[in-house]
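A.B. asks: Residue numbers (our numbering), protein chains in the order written: chain A, 1 to 225; chain B, 226 to 414; chain C, 415 to 636.
1. Is the stretch 109-129 of chain A touching the stretch 21-38 of chain A, taking contact as three or more C-beta pairs under 8 Å?
2. Ends of the beta strand (DSSP E) at residue 346 of chain B?
3. Please specify which runs of the beta strand (DSSP E), each continuous and at least 3 residues long, are wholly inside the stretch 100-154 of chain A, giving them in chain order.
4. Using 8 Å for Cβ pairs, my map puts residue 155 of chain A next to residue 222 of chain A. What's the rounded Cβ distance?
5. Going by alpha carbons, who is nearest to residue 35 of chain A out of A:59, A:48, A:17, A:14?
6. Ends of the alpha helix (DSSP H) at residue 379 of chain B?
7. Counting only runs of 4+ residues fully inside the stretch 497-553 of chain C, write out the alpha helix (DSSP H) ranges in chain order.
8. Strictly below 8 Å CB to CB, what residues from chain B border residue 9 of chain A?
9. For residue 419 of chain C, report the span of its alpha helix (DSSP H) as first-last.
10. Counting along the chain, where does the alpha helix (DSSP H) carrying residue 285 of chain B start and finish?
11. Note down the Cα distance separating residue 138 of chain A from residue 579 of chain C, rounded to an integer number of angstroms.
12. Could you tell me the alpha carbon to alpha carbon distance between residue 556 of chain C and residue 618 of chain C, rounded to whole angstroms?
13. Under a three-way DSSP split, which group does residue 259 of chain B fall into?
14. Could you name the residues of chain A that residue 286 of chain B contacts, counting a contact when the two beta carbons are closer than 9 Å?
15. Give the secondary structure of residue 341 of chain B by DSSP, where H, G and I count as helix, E and B as strand, and everything else as coil.
16. Measuring straight from C-alpha to C-alpha, what distance separates residue 403 of chain B and residue 276 of chain B?
17. Could you confirm whether any beta carbon from chain A is found closer than 8 Å to the beta carbon of residue 278 of chain B?
18. Does any residue of chain B bring its CB to less than 8 Å from the CB of residue 103 of chain A?
19. Is residue 228 of chain B helix, strand or coil by DSSP?
20. For a cutoff of 8 Å on Cβ pairs, would you count residue 514 of chain C as touching chain A?
21. When DSSP labels each residue in this structure, what does residue 603 of chain C get in the three-state scheme?
22. Helix, strand or coil for residue 271 of chain B per DSSP?
23. Is the stretch 241-259 of chain B touching the stretch 120-131 of chain A in the sense that three or more CB pairs, one from each, lie closer than 8 Å?
24. On the DSSP letters alone, give me the boundaries of the alpha helix (DSSP H) that residue 162 of chain A sits inside.
25. So with Cβ pairs under 8 Å, would you call residue 331 of chain B a contact of chain F?
26. Indicate whether residue 572 of chain C and residue 176 of chain A have their beta-carbon atoms separated by less than 8 Å.
27. Would a C-beta distance cut-off of 8 Å place residue 398 of chain B and residue 227 of chain B closer than the cut-off?
28. Whose CA, out of A:20, A:7, A:94, lies closest to the CA of residue 265 of chain B?
29. My assumption, with CB atoms under 8 Å, is that residue 314 of chain B sits in contact with residue 363 of chain B. Please give the rounded CB distance.
30. What residues from chain A crowd round residue 265 of chain B, counting only those whose CB sits closer than 8 Å?
31. Just confirm the distance between the C-beta atoms of residue 574 of chain C and residue 524 of chain C, as a whole number of angstroms; I'd bet it's less than 8 Å.
32. So the beta strand (DSSP E) residue 398 of chain B belongs to, where does it begin and stop?
33. In the DSSP output, what is residue 632 of chain C paired with across the bridge?
34. Taking 8 Å as the threshold, find out whether the stretch 417-426 of chain C comes into contact with the stretch 604-623 of chain C through three or more Cβ pairs.
35. By Cβ distance below 7 Å, which residues in the same chain neighbour residue 496 of chain C in space, the five residues on each side in sequence not counted?
36. Please report how far the alpha carbon of residue 512 of chain C lies from the alpha carbon of residue 16 of chain A, in whole angstroms.
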C-alpha cells in the first residue's frame, strides 16, 4: 500500500490513456497557440509593446489552456464510474490527488515546452539566454496552477454548473501565483535588474508550499460522499 | 444476500459498508472495525464491485487488471493477470481495449478484480447483470472460490442464481431502509 | 412559530441606536477634513465596513473549521449567514472606496492594493455563496462550502501581499497620515455599530436558515 507506488500507478494509467486517445495534449496545444495568435491580432503588430507584455500574454494563455485541461482531469474517472474505484482502493485517498496533480503538471509542462518557443517567435523575445531561470519559473508557476486547480476540479466535480464554478473558484486563488509568474518571467526577460525577480520567485515558492499542504490535507474531505 | 426492489437502497447500503458513503446517522462495524474511523483498514480487506464495474474503456483488459493491482499495492505478474483473465473467460481479449467489449465482458472483467488479493469482504452489486448463462456460471464459481478462501461475500441482487440460492442469510430491503436510519452491525466474518 | 430570543432583539435595538449615533456624528459633528473636504466623511463608512467585512470572513473561516471537525449543522448555518452579511459589508466597502476615489483621484478605479484585495475578497465570498447555491444535498453543501471558506481565508493574506508588492514595486506606497483622535473615535464608534449590525443580521439569518433546514427535512419526507 505504498503511496508513491499508488501515485505512480495513477500517473501511469492517465499517461497510457492520454497516449492512446491523444485527447488532451493535441487540443491543448492547438488551443494555446490560437490564444497567442488572437492576442497578437487583438493587440496589433506593435512589436515593442508585445515584447513588454509577452510574459503576461504567455501566462494568460497557459491559464486558459490549463482551465480546459483541468475539467478533463477527472473525466476518465467519471466514465469509469466516478471516483469510486480509486476511493475504494486501500490506502490514503490523497494518492488520488497527488497522482492527478502530477499528471496535470506533466501535461502543462509538456505544453509549455512548445508554447514558450512559440511565444518567443510570435512576440520576438529572446528566451535562450535565460533558459534555466525561465524553466524554474515555469515549473513553479505550473505547480501553483495545478495544485489549486486539481483540488478545485475535484471539489466542483459534483456541483451543478461546474464548468463555471471551477474558474469562479480558481481564478481568485490564482492571482498571487499569476502575479508572481508573470512578473518574474518579465523581469528575467528584461535581464532581472536589481534581482527583483527573486521576490516573485519567493512568492511562488511560498504559495506552492502553503497550498500543497492545505490541498493535500483537505482532499479526502473534498471527495467524500 | 441483499434483496429488494430497485431503489430500495441496496446499492446505498453496500456503499456505506464499503466506506464510500457516509451514513447520515448511526454507526456500523465491519469485522470489528468502525466504518467512520477505520475506513482505511476496512478498505484494505474489502472490495466493492458496483453495478457498473470499475474499468477504464481506453485500457486493455490486462492493463485494467494490472492497474487495479498496483492501486491496491499489489504487484501482478503477467502470469497472474493471464490466469485471472482465463478464470473469467477473457484471456483471448487480454490486449484489446475495453471500449470494444460488450457489457457482459466488461462485467466479467470487473469481477475478475476480486481475485487480485486476499479479501475479508467482497461486496457485489447485481452480480448477474448483463451476463449470459456461461457468465452466470462464472460468477457462481467465483463466489464459491471466494467463500472457500474465507471471504465473506455480500450480493445485492434481484435475480436468482446458484450463489444467491446458496446464500447463508438473506436480508430484504424496502423503502424503509434509508440512509437516515440507524444501521446495525454488519456481518462479521 | 417562536420569536427569536430576546437577546437578539436587544442586539438589534442597540445596533440601531449605535448606527444612528455613528451616522449623526460622522455626518454632522466631526469637522470636515482640511484637505479633502466632505468626501472624507465616506471614510467613516468605508473603514469600519472593511473591518467588519474581514471579521465576517474570519467568522466564516472559524465556523467552517468547526463544521468540518464536529459536523454540527449549526456551525454551517453560522458560516453561511456570516458570508451573506459579509458580502453586504464588502460591497459597501468597495462602493464607498470607489465613491471616495472619483473626486479624490479622478477615476472610479485604481489598482490600489487594498481596493484590489477587497474586490478579490468579494469574488471569494461570491464563490462561497455560489457553491452553496449549486449544491443540493445539505451535507455536501456544508462540506464543500466549508472547504472553500477555509481555503479562501488562507488565500486572502497571500493575495494582499502579492498585490501590495505588485503596486509598490512600481511606485512608492502612499505614506499614511497620522490620524486625529476624533477621526479614530468616529471610526471606532461606527465599527462598533457595524459589528452589532453584523452580529444581529447574522443571528437572524442563521435562525432563518434553521427554519429553512427544518422545512427541507419535512418536504423530503413527504
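Even glycine gets a Cβ: it sits at the ideal position worked out from N, Cα and C.
C.D. replies: Based on what the coordinates show:
1. yes
2. Residue 346 of chain B sits at position 121 when you count from the first residue of the second chain. Looking at the DSSP string, the run of the beta strand (DSSP E) that includes residue 346 of chain B is 346-350.
3. Here no run is fully enclosed.
4. The residue labelled residue 155 of chain A in the question sits at position 155 within the first chain. The residue labelled residue 222 of chain A in the question sits at position 222 within the first chain. Rounded, the Cβ-Cβ distance is 5 Å, consistent with contact.
5. In the first chain, the residue the question calls residue 35 of chain A occupies position 35. Of A:59, A:48, A:17, A:14, the residue nearest in Cα terms is A:59.
6. Position 154 of the second chain, counted from the start, is the residue given in the question as residue 379 of chain B. Not the alpha helix (DSSP H): residue 379 of chain B falls in the beta strand (DSSP E), residues 377-381.
7. For the stretch 497-553 of chain C, whole alpha helix (DSSP H) runs of length 4 or above, ordered along the chain, are 527-548.
8. If you number the first chain from 1, residue 9 of chain A lands on position 9. Residues of chain B passing the Cβ test: 292, 295, 296.
9. The residue given as residue 419 of chain C occupies position 5 in the third chain. Element bounds for residue 419 of chain C: n/a, residue is neither H nor E.
10. Here residue 285 of chain B refers to the residue found at position 60 when the second chain is read from its first residue. Taken as a continuous stretch (DSSP letters only), residue 285 of chain B belongs to no alpha helix (DSSP H), as it is neither H nor E.
11. Here residue 138 of chain A is taken as the residue at index 138 of the first chain, counted from 1. Here residue 579 of chain C is taken as the residue at index 165 of the third chain, counted from 1. Distance between the alpha carbons of residue 138 of chain A and residue 579 of chain C: 20 Å.
12. For the purposes of this step, residue 556 of chain C is identified with residue 142 of the third chain, where counting begins at 1. For the purposes of this step, residue 618 of chain C is identified with residue 204 of the third chain, where counting begins at 1. Each residue's Cα considered, the two are about 19 Å apart.
13. Here the question's residue 259 of chain B lines up with position 34 in the second chain. It is a strand residue.
14. Position 61 of the second chain, counted from the start, is the residue given in the question as residue 286 of chain B. Here the premise fails: no neighbours, minimum Cβ distance about 13 Å.
15. Position 116 of the second chain, counting from 1, holds the residue named residue 341 of chain B. DSSP places residue 341 of chain B in coil when its eight states are reduced to three.
16. Along the second chain, one-based indexing puts residue 403 of chain B at 178. Along the second chain, one-based indexing puts residue 276 of chain B at 51. Low local confidence applies: a pLDDT of 40 at residue 403 of chain B is under 50, so the model's placement there is unreliable, and no value is given.
17. Your numbering for residue 278 of chain B matches position 53 in the second chain. At least one chain A Cβ lies under 8 Å of residue 278 of chain B.
18. Locating residue 103 of chain A in the first chain gives position 103, counting from the first residue. No - not a single Cβ of chain B is within 8 Å of the one on residue 103 of chain A.
19. The sequence position of residue 228 of chain B within the second chain is 3, counting from 1. Here residue 228 of chain B sits in strand by DSSP.
20. Position 100 of the third chain, counted from the first residue, corresponds to residue 514 of chain C. It does not; no Cβ of chain A falls within 8 Å.
21. Position 189 of the third chain holds residue 603 of chain C. Three-state DSSP puts residue 603 of chain C in a helix.
22. Mapped onto the second chain, residue 271 of chain B falls at position 46. In the displayed model, residue 271 of chain B falls within a strand according to three-state DSSP.
23. The stretch 120-131 of chain A makes no contact with the stretch 241-259 of chain B, as fewer than three CB pairs between them are under 8 Å.
24. The residue given as residue 162 of chain A occupies position 162 in the first chain. From DSSP, the alpha helix (DSSP H) with residue 162 of chain A extends over 162-189.
25. Given the protein chain composition of this structure (A, B and C), no chain F is represented.
26. Along the third chain, one-based indexing puts residue 572 of chain C at 158. Along the first chain, one-based indexing puts residue 176 of chain A at 176. Against a cut-off of 8 Å, the Cβ pair of residue 176 of chain A and residue 572 of chain C comes out as a contact.
27. Taking the first residue of the second chain as 1, we reach residue 398 of chain B at position 173. Taking the first residue of the second chain as 1, we reach residue 227 of chain B at position 2. Cβ distance < 8 Å, so residue 398 of chain B and residue 227 of chain B count as in contact.
28. As a first step, residue 265 of chain B is located in the second chain; it is residue number 40 there, counting from the start. Nearest option by C-alpha distance: A:94.
29. Walking along the second chain from the start, residue 314 of chain B turns up at place 89. Walking along the second chain from the start, residue 363 of chain B turns up at place 138. At roughly 6 Å, the Cβ-Cβ gap stays under 8 Å, so residue 314 of chain B and residue 363 of chain B are in contact.
30. Against the second chain, residue 265 of chain B aligns to sequence position 40. Simply 90, 91, 92.
31. Here the question's residue 574 of chain C lines up with position 160 in the third chain. Here the question's residue 524 of chain C lines up with position 110 in the third chain. Not really, about 16 Å apart at Cβ, beyond 8 Å.
32. Working through the second chain from its first residue, we reach residue 398 of chain B at position 173. Looking at the DSSP string, the run of the beta strand (DSSP E) that includes residue 398 of chain B is 396-398.
33. Within the third chain, numbered from 1, the residue matching residue 632 of chain C stands at position 218. None; residue 632 of chain C has no bridge partner.
34. yes
35. Position 82 of the third chain, counted from the first residue, corresponds to residue 496 of chain C. The answer, listed in chain order, is 470, 473, 474, 477, 616.
36. Taking the third chain and counting its residues from 1, the one referred to as residue 512 of chain C is at position 98. Taking the first chain and counting its residues from 1, the one referred to as residue 16 of chain A is at position 16. Cα-Cα distance, rounded: 53 Å.
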